[in-house]
Structures are given as C-alpha cells and as structure tokens.
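Chemist: Reading the sequence shown from the start, the letters are residues 1 to 119 in the working numbering.
All C-beta atoms, glycine included, are put in the ideal place defined by N, C-alpha and C.
As the structure is a computational prediction, the values presented were derived from the model and not from experiment.
Please see the structure below; I have some questions.
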Amino acid sequence: MGAGGTPPVAGMTPVGLNERLRFYRYDRGHYFAPHHDGSFRRNRYEFSLYTVLIYLNEGFEGGSTDLLNDDDSVLYRLVPETGMAFLFRHELLHTGAEVLSGSKYVLRSDVMYRLPIAL
Numbered sequence: 001m002g003a004g005g006t007p008p009v010a011g012m013t014p015v016g017l018n019e020r021l022r023f024y025r026y027d028r029g030h031y032f033a034p035h036h037d038g039s040f041r042r043n044r045y046e047f048s049l050y051t052v053l054i055y056l057n058e059g060f061e062g063g064s065t066d067l068l069n070d071d072d073s074v075l076y077r078l079v080p081e082t083g084m085a086f087l088f089r090h091e092l093l094h095t096g097a098e099v100l101s102g103s104k105y106v107l108r109s110d111v112m113y114r115l116p117i118a119l
C-alpha cells in the first residue's frame, strides 16, 4: 500500500478522493447489472483508478456487491455492513445484486491519482 493505505500505481501519486460524491439508494427489486466503472478525469493530470463504496446501512436482504469473472460467475461476494468500505480497481467486472427486501444505501467516490508533470 502507498501513503495512507492508498494502492500504489507506478509513476503516479495518490492525491485524494473524487469530490463528486454519489449516493445510491436501492429498493426491493433494484440491482445494478454487471459493469466496469469509468474513470473520472479532473484535469489533464488527475484521474481516478479505484472505486470506493461505503455502505451506509444494514436491515435489507440481498444487495451484495459481487466481483465477477469474465463468464459472470461470482469471484468474490461482499455482504455489506454499516460503515464498511470496499475499494477496487475500476476495470474489475462487478454487479450490485438484487435487493430482496428493505433499502440499501451506498456512498461512492473514487481514489484520484496525479501523473508526473514534465517541466
């Protein structure tokens, strides 16, 4: 891990979190189909490489976050707990499994990196 527990990336410096926070609410029957997260580019030199999900509640059924293999089989299943954070690279295929009852709340951000600036 790099400074403050941030994953190191060759030649780039972690500079914080994406200031554009996203709040997700999933009610019964809601899910997020398999996908890869996109990168956020702040400017010419700063962009995101990792997703940060922070789970804000419990009291719902289903709603796991699943990392998937290329054939959509589950590689890793994370069952959310209140206050838990999940950090993973944008290019990992993943899904938000269907919420079977209750409501699930998630805060999303991204870890931002800076390229070296040539002088």
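If you draw a straight line from the alpha carbon of Y31 to that of H94, how long is it in whole angstroms?
Modeler: Position 31 of the sequence shown, counted from the start, is the residue given in the question as residue 31. Position 94 of the sequence shown, counted from the start, is the residue given in the question as residue 94. About 11 Å.
Chemist: Run through DSSP, which three-state label would I54 get?
Modeler: Along the sequence shown, one-based indexing puts residue 54 at 54. Secondary structure at I54: strand, using DSSP grouped into helix, strand and coil.
Chemist: Please determine, among V74, G83, N69, the residue with the shortest C-alpha to C-alpha distance to E58.
Modeler: Position 58 of the sequence shown, counted from the start, is the residue given in the question as residue 58. Ranking the options by Cα distance to E58, first place goes to G83.
Chemist: Just list the residues that DSSP pairs S101 with in beta bridges.
Modeler: Within the sequence shown, the letter at position 101 stands for residue 101. Per DSSP, E61.
Chemist: Mark L119 as exposed unless 16 or more other C-beta atoms lie within 10 angstroms of its C-beta, in which case mark it buried.
Modeler: To locate residue 119, count along the sequence shown from 1; it is residue 119. Interpretation of L119 is limited by its pLDDT of 47, a score under 50 that renders its predicted location unreliable; no figure is taken from the coordinates.
Chemist: What does S48 pair with, by DSSP beta-bridge criteria?
Modeler: Here residue 48 refers to the residue found at position 48 when the sequence shown is read from its first residue. Answer by DSSP bridge pairing, in chain order: M112.
Chemist: Between the alpha carbons of L87 and P7, how many angstroms are there, rounded?
Modeler: Translated into the one-based positions of the sequence shown, residue 87 becomes position 87. Translated into the one-based positions of the sequence shown, residue 7 becomes position 7. Taking the straight line from one Cα to the other gives about 9 Å.
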